[in-house]
Structures are given as structure tokens and as C-alpha cells.
Amino acid sequence: MGDIKPVYLEEKLKEVEESGRLDYRSKTLPTWCPGCGYFSIVEAVAASLCELGIPNENAVVVSGIGCSSRFPFFVNTYGMHTLHGRALPVATGVKTANDALTVVAVGGDGDGFAIGGGHVPHAARRNVDMTYLLFDNGIYGLTKGQTSPTSAIGFRTPTSPYENPDRPLNPLLMVLAYGASWVGQAYAGRPDHLNRMITQAMAHRGFSYLHILSPCVTFDKTHRTYQNLGMQVRDLPADHDPSDRAAAMRLAMDDATPALGLYFREERPTLGDALDGLVEKAGGELPGKVAAKPARKAARR
Amino acid sequence: MATDIQISIVGSAGDGTIAAGEILRNALAGMGYKVISFDVYPPEIRGFGKCIARMRITTEQAYSLKHKSDVMVSLDDSHAIPHANEVRDCGAVIYEQGSIVRLPEGGHMSAHVGPGQLPYPLPIRELSEKSTGANRSRNIVVLGFIAGLFNLPAEGFRKAIGKKFRNKAAAAEASEAAFKAGLDYAAKTFKLDDVSFGPPVSSVVAGATVEMINGNAAIARGALDAGIDTFFGYPITPATSIMERLANEMPKRGGRLLQTEDEISAISAVVGAGFTGARAATSTSGPGLSLMAEMLGMGVIGEVPGVVFVSQRGGPSTGMPTKTEQSDLHMAVYGGHGDAPRIVIAPTNVDGCYRCAGKAFEMAEAYQTPVIVLIDLYLSNRYETVVFPARPPFEADLNRKPGKQAAGAQYKRYALTEDHVSPRAVPGDKGGMHVVTGLEHNELGRPNDSAELHTAMSRKRHEKLKRALKHPDFTQFKRFGDEGPVDVGVISWGSNFGECLEAMLKVRAEGIRCAAMKVVMLSPFPTEAVAAFMADCQEVLVPELNYQGQFANLLQAHVARPVTRLNRVSGEPMKVEEIIEEIRRLAGSKAAQKAA
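Note that the protein sequences, when read in sequence, are chains A and B. Counting in the working numbering, the first sequence runs from 2 upward without gaps. Counting in the working numbering, the second sequence runs from 556 upward without gaps.
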């Protein structure tokens, strides 16, 4: 991955401070284990919010329950740490109430594709204008290492002491089939690429889904380690056309050597556009969308 | 002369029974009568299930339907015959005089009209066929006959028919002809002496409007008048028409409505929108409320405003979707894990549905909590004439805003205050950034599970709700009937209270000292007022439509005192006569004790 250049701590600190991205980090320190891939995700999200110049008060980070779902506490924005599996419908409510907000949903593989799996297709098909960051470590970390819906067959955990009998889901392929309008994959071990992908995802108008591979350094010593992931990941072929959903799905089917990058992107009306269309059809008046106005009060009577 | 007439139309699905009822009650309401109406129909859309359209037309306010009708119309004898004994003596039974098929012994209504009842055999089918060329308009023929029989202004009927078929020119034309055929036929028949309509009495103040509306429509109207911004819902009987009406009306006012993938998603989105500062609501029935329990708890601990309209149906699990019951009180008041207090209000009539729906948004905002408005199928589908004030009686904004933050000070979303309500910033407000979490938290909203904080926050969440007991311009409870000490006090809630009120008024006429109290606010419970009422009562009767006596349980958790329970789970409203009998029994036993 290119030449390795020496990094001097003082220079790096100066660069980070001057970038302004620290304004997007909260004073609460992350609760994750040392070495967890999620540290690079919180850094990348702060950097992306900073690059896009989104005012802190206009960003809302919504999560469910899990290690990754502690995320809202570590960024300096509005946030909601909701129930296990319910980040997407809550985030849909937030965005529906105020279009001017930048809404980011975060959560783990269990939160999004086990207990909350019923909500993903609907957020995707409605094209809710939000970004969904799925932290996939293939394990339930917060409850100390049980099997998740993306754990490999044969994986041994306290709830599958002999071996995991179930084949893993392929969330990337599912989300492409559900009709998400922006789908990408990144790896926590490649923070710069991760940052670029998050920025793109947030800049996309519509439902953007970024699948982030990340190791659980505490409970998974055998499968999804930095060492294994580092060897497996590759870049998407340079000639991949991100407007071709079928091609994207073919690439997503290869989950043994996951490819990083932008799989698919299309522009189409968002849920907000559709709901505004209904107002016009009904002969109603659209309320002004001013960020400072919390709700749609202008529409009253 | 005071008018008090009950008409029921009984038929088979497909006969136009419910449509005839709708036209009739709209026509009568349009003439200025007070109407209360509740239909019965089968859970299947097609088929030959029994349909009954029932309405009571009065000049004084009525609170429930009567056990016996004054007039019954049969559009299908096989369904109507079992109801023949529900027509009072000197009342009329209107039915098809001839039959084109051979009927089994006793299959014709003529064999079932009681000796005291007046038979009106009509050539309904023939009149329909002669006037329209088809037998489809039998229901309208009957309406014409009723108009003629009672000398009611035909213009009122024509208007109601026109409204019903406003987009169907052919049906409107046929109905006009069928109506005239029925009307003309009535001119040739003898009149009913004992049942007659007096002139309507209008008591409407200037600016107000009278509308014939059912509970679900009243809920929707209350939500609209309170300025609902967003609605998220999933179809379920008997609550669906709340959502359908809002789907029509909200976009006209710039509002947003979304049909979600399930009830969990619906309540989640309500919590998300409430957090964002919108007035948000959902509607559901018991099964949906069960699914929402966990997210309601999130609303409670996160102190997020939101409104849930719940229309109860019968039984656990799928139960009886098209029957009424009041068996979700425990779920509404206590449902979910942890100490999760919420506001639960239960209107007792259609006008109450409107007021409770609007006030629910005020309370959710003022006390930062989920509010459940609990009705049931009987109230959802019950039509009443309601007087709407010229200006909606709801406040547009009761949010407590944080104001200017002191420089450098961290915003405390859950600040412990004297009245336990904390200033609330919403996304978009500068300097108010915070995280709402389902974890126990400190004043800043950061996770914290210390004994002191959990105690303080639990107290905050419970104590702040008590202010709802004094929420302005809202009837939390009300006493009717005799003042001071009484022989029997009836205390009830929800749709069932109308029957209780009728029963109380009837037994007072018999000389029993009796009072009735309705409790609208079920949580927090108005203990003081209810205890004071019960102290006045020698005997307390608690009638309700569930098996366990859920309201009686709630009552006794707050006021330690024996009560007599009267529980019915027939899936139908309670019979006023049953309540009267129980009051008499209690009054009698009290009298016997006194005599001894």
C-alpha cells in the first residue's frame, strides 16, 4: 500500500488540531478496547463532517445497541442511542421531521442484519436521505463474543461452542438488491480510504450504505483479524462502472476477498422529495426548510 | 316534544345495509337531530355475514344506544329474525312482503313479528326493480319509506344520498328514483302512532359547526387541529381509518405521513421525529401496542414527546379484530419493562376523542413523554353529532426551550429542576448538542448507572407526570348525577361510560340515589378525586368490557376499598339494562341492610 513514510507525533498533532476536525469529537472518550477498528471510524467521521463543513448542530448521529452503537457519544453533534436494531426507523423519523439535518445511522452487523434486518430494505427502497455506516466485525462484542449473522460457518463462540452452523449473510449484496442508491465498502485498517468513502457517502443525496470491515481484537483471534483482513481485502477493479447495479452485485458476491470502493451510485428522488410531491399533489403548501427551524411548524393551519 | 327514536337496519353483507345507515344518519344529523350510531359488520369483506346499522336519534343529548329499537328494517330475514325481539312494543318492523324463493318453515319475518309490534310488509324488491330496473337499490327504497312514514323532509335525504354517490352519477340517479318509489309507497300506508319525530332542537353557538363523525375521524381531526407535523403508521383494525384520514388531510397542510414496515418502525420514527421537535404520532390496536412496548420505554427514559392512538379490539393475540373490548388498559398503563410511567388518557365519547387527541400533543410536549390515547372499536366506529368550536382549543407550542446557554457551560438536557421538566434543545439549535440514550444517564445525558442518579432520574420521570393531573382545559375526571352521599356510585372509563351514564339517569328516576364518575386520565391516576367520590358512595360498581376488571384493578391499586365488578366480554357494548339491574341489586341490598 505505497511507501511507508515516518510520522512524527508533534507534526501529526499540529495537523489534526489545525484541521478543525477535533470540534467534531466529544469530550467523552471511546469505550472500545485498545486496537479496535472503530477508533479509525470515529476519526474518519469527524474528519468527513469537518471537510463537508456541516455545522455540529445540523448533524444527527443515530445508533442502536452494540459496541459500535456507542458511537454517538464520541462525536460532538446531536445524537440518539436507541434500541437494539432500531437505528434506521428512528433516523427515518428524524429526517422526515427536518430535511435540513445531516443524518448518519451507525451500527453493527447484529444490530443491522439480525434484530434490525427488517428495517434495512425499507430505508433503502424509500431512499431516505441519510448515511448508514455498518460496522461489520462478525461478532457480538458488547455481550462478549457470541456469533453474529455475518460470522463464518465453523466459527466457535460461547453460543456456538462446537461451531457456528449457519452460513453468513452478505449485507453488501442484500443492500444492492434492496435498492440503495449508494453502496460502498471500506476497511477500518485503511483509514484514509475510509475517510474518503465516508465523505462521499455523506455527500450523496439519498440512502448511502457503507459497509466497513473491522476486526474485533478481543473476541476474535482466529477469523477476522487485522492480519487476515489485511491479506483478503483488495481494491475494486479500476474499470468497474458504479452505475451498473448488476456488475456491482456480481462483485459483491465474492465475499472471500472483499473489494473496497464504490460499488454503486445512482441519483433518484429521495423520501423527502416524494413526500413533498404528495403535498403538491394535495394542493398543500410546502413549509420553509430552514435549518434553525426545528420542525415543520410553518405548515401549521 | 322530545324525540328519542332508535332505528336499526339489519341485512347481509352486500345488501347496502351500512350504506343505508350512513345516508340515514347523515340526513337526520343534517336536519339538526343529535345522532349516536354504532354499526356491526363481519370481519370478512365479502360473503354473507350479518350487518347491522343502528342509530339513536334524539333532541336531548344521549350517551349510548338503547337496548330496544323503535324501528327495525330487515333487508335479509335470515339475519334479522334473531333481532325481532329487540324491537319494542308498539314499534315497527319493516320487511320484504314477498319472497321469490321457497323459504323453510319460519324463514319469513312475518312469522316472527311479536304481538305488540307493528308489521310493515313492503314490496321492497318490486319497488326497486320497477323504479330502477334492478334490485340493487332496495336499501334506498327503505330510506324513502322511512322518510314518508315519519314525514321527514325529503330534501335532507336527497342531500345525504347525493353526498354518498357524489362520484357515481348512475348510482345517484337510480337512488333518486328508488327513494321516490319508497316515499310514494309510504303515502299509501298507515302511520305509526307511537313513534314520531318532533322538531329538532339546535343549541349550537355562533361560529361553531356540527358534524356527524365517528371516533377515529374525531381523533384525526384533533390531531390536525393540534398541528400534527408527522405521522407514521401500519394498518390494523380498528385503527386504520385514523391513518387513512390523515393520509388524505396531512399533505394539504404540508404534513408528512409514512406507512412504515411494521409498528416497531412506526413508533421508532415517532420517537425520532419527536426528538427532532416535530409533533409526531402513530395509531394502532392491541397487537401493535405490544410491539411498541420497548420503544415506548425508550421514549420515557429519553423524555421524548410522542403520541400513540390505540383503538382496542377483542382478545389476546389476533383475538377478535372486529369486536370491541377494553382489555388493553394494563398494557397501556403498565406495558413494557422497567419503571416506565407514561400518560394514558381515555375519552368516553366522540367529542372526547377530538379533545383528547389534540390535548395529547400538548401534554407530550409539556411533560416530554409519550402519551397514549386509548379508545376501542366501539368508540372508533361510533358516530355522534359533535359540535366543533370555531377555533381549535389547542395550544400550538408548549416546548420549554433552553434559552441562551452561559458561555462554556455544557447544556444539560436532563437538568434536575423544581418541576422535574428540563429545557429541551432540538437538532438545529446551536449549542444544544446532546445524545438521547436508552441507558440511564446523568443530567448531561451521558450514560451513568450510579444509585443516586438512577433514583433521581426515576423520581424525575414519575413526578413530572403528576402535573398532567392539572393540565389546563382538560377534563381528567368528572362526576355526574346526585351530589353528596349516594347509595350506589358507578365508576367507569372509555367507551363504556355512556351506558353507565344512561343507567345512572334511569335508576335516579326510580328513586335510587346514584352518581357516576368517568375517569379520563388513567395514568397518572387522579387518586384524590376518585377517593373523594368513592367516600360518598355506599356501594361502588365498576362496569367494564374485559374479563379481569383491569380498570377495577387500577382503581384498587390507588384507592384501597372493595368494589363490585361488572365485566362482559361479548365483543359488543354493555347493555344498559344489565348495569341498571346491578345498581338495583346493590341499592336493594343496602336498603335491606339499613332495614335490618
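Just so it is clear, CB atoms sit at the ideal spot from N, CA and C, and this is done for glycine as well. Keep in mind the model is a prediction, meaning the values are calculated, not measured.
- When rounded, the separation of the alpha-carbon atoms in residue 157 of chain A and residue 204 of chain A is 40 Å.
- For the segment 165-190 of chain A, the set of residues with a beta-carbon nearer than 7 Å to any beta-carbon of chain B is empty.
- Scanning chain A for C-beta atoms nearer than 9 Å to the C-beta of residue 864 of chain B yields nothing, as the closest lies near 17 Å away.
- In the three-state reduction of the DSSP assignment, residue 1120 of chain B falls in the strand class, which pools E and B.
- Taking a 10 Å sphere around the C-beta of residue 803 of chain B, we find fewer than 16 other C-beta atoms and assign the residue as exposed.
- Nearest to residue 662 of chain B by alpha-carbon distance, out of B:789, B:867 and B:652, is B:652.
- In chain order, 614 place their CB closer than 7 Å to the CB of residue 756 of chain B, counting only its own chain and leaving out the 5 sequence neighbours on each side.
- Closest in alpha carbon position to residue 839 of chain B, among B:913, B:930 and B:856, is B:930.
- For residue 606 of chain B, the enclosing beta strand (DSSP E) begins and ends at 605-613.
- Comparing alpha-carbon positions, the option among B:727, B:1081 and B:973 lying closest to residue 1032 of chain B turns out to be B:1081.
- For the segment 267-283 of chain A, the residues whose beta carbon sits under 8 Å from a beta carbon of chain B are, in order, 272, 276, 279, 280, 282 and 283.
- Within the same chain, and ignoring the five residues on either side of residue 259 of chain A in sequence, the residues whose Cβ sits closer than 7 Å to its Cβ are 186, 214, 233 and 234.
- Residues of chain A whose Cβ lies closer than 9 Å to the Cβ of residue 992 of chain B are, in chain order, 73, 74, 80, 81, 82 and 83.
- A distance below 8 Å separates the beta carbons of residue 575 of chain B and residue 608 of chain B.
- For residue 1045 of chain B, there is no enclosing alpha helix (DSSP H); the residue is part of the beta strand (DSSP E) that begins and ends at 1041-1047.
- The beta carbons of residue 806 of chain B and residue 285 of chain A sit closer together than 8 Å.
- Under the 8 Å Cβ criterion, the segment 812-829 of chain B does not count as touching the segment 896-909 of chain B, having fewer than three qualifying pairs.
- Annotated as proximal: residue 208 of chain A and residue 129 of chain A, with beta-carbon spacing under 8 Å.
- Ranked by how close their Cα comes to the Cα of residue 1050 of chain B, the residues B:619, B:563, B:586 and B:956 have B:619 in first place.
- Rounded to the nearest angstrom, the gap between the Cα atoms of residue 640 of chain B and residue 707 of chain B is 26 Å.
- Cβ-Cβ distances below 7 Å link residue 49 of chain A to 196, 199, 200 and 203 in the same chain, with the five nearest sequence neighbours on each side left out; the list follows chain order.
- Cα atoms of residue 863 of chain B and residue 926 of chain B: separation of roughly 6 Å, rounded to the nearest angstrom.
- Below the 8 Å Cβ cutoff, chain A contributes 94 and 98 as neighbours of residue 835 of chain B, in chain order.
- The beta carbon of residue 178 of chain A sits closer than 8 Å to the beta carbons of 250 from its chain, once the five residues preceding and following it are set aside; these are given in chain order.
- Scanning its chain for C-beta atoms nearer than 6 Å, with the 5 sequence neighbours on each side dropped, one finds around residue 886 of chain B the residues 844, in chain order.
- Shown in chain order are the members of the segment 805-820 of chain B whose Cβ falls below 9 Å from a Cβ of chain A: 805, 806, 807, 808, 809, 810, 811, 812, 813, 815, 816, 817, 819 and 820.
- Taking the Cβ atoms as the reference, residue 578 of chain B lies roughly 5 Å from residue 715 of chain B, within the contact range of under 8 Å.
- For residue 989 of chain B, the nearest CB of chain A lies under 8 Å from its own CB, placing it at the interface with that chain.
- At the C-beta level, residue 628 of chain B and residue 564 of chain B come within 8 Å of one another.
- Cβ contact annotation for residue 680 of chain B (same chain, cutoff 8 Å, sequence separation greater than five): 651, 653, 655, 690 and 693, in chain order.
- Distance between residue 59 of chain A and residue 1087 of chain B, taken at the CA atoms: about 51 Å.
- Residue 853 of chain B is positioned such that its CB atom lies no closer than 8 Å to that of residue 1023 of chain B.
- Put simply, the backbone Cα of residue 748 of chain B is about 10 Å away from that of residue 705 of chain B.
- Contact between the segment 76-86 of chain A and the segment 219-233 of chain A is absent: fewer than three C-beta pairs spanning the two stretches fall below 8 Å.
- Only those residues of the segment 578-597 of chain B whose C-beta falls short of 9 Å from the nearest C-beta of chain A would be listed, and there are none.
- Contact between the segment 931-942 of chain B and the segment 962-975 of chain B is absent, with fewer than three C-beta pairs closer than 8 Å.
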